[in-house]
Amino acid sequence: MIRSVLNDAFESATESVIVLKSMLLPSTSLTSLNTMSSVLSILKSLALMLLSTFTV
């Protein structure tokens, strides 16, 4: 339950960051967008690891 909520929160955060960056900075290179999404995915996996250690 908590895990799926966290998953949805991270996915929506990633989407909103990409949309915001593409709206605000149309000249932004794709590499910075990829960097942002990879950072978010790293945070997501860390949070999931923490959750699994606490719930087990």
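Residue 3 in numbering that gives the first Met the number 0 is what sits at position 4 of the sequence shown, and the numbering runs on without skipping anything.
Cβ coordinates follow ideal geometry from the N, Cα and C atoms, glycine included.
No experiment lies behind these values; they were computed from the predicted model shown.
request  = Have a look at Ser37 and Leu49 and give me their C-alpha separation to the nearest angstrom.
outcome  = Position 38 of the sequence shown holds residue 37. Position 50 of the sequence shown holds residue 49. Using only the alpha carbons, I get a separation of about 18 Å.
message = Do Val16 and Leu62 have their beta-carbon atoms positioned less than 9 Å apart in this structure?
response = Outside the modelled stretch of the chain, which goes from 0 to 55, sits residue 62, for which no answer is possible.
request  = Run the proximity test for Met35: is its beta-carbon closer than 8 Å to any non-hydrogen atom belonging to the ligand SAH?
outcome  = The ligand content of the structure shown is nil, which means the ligand SAH is not present either.
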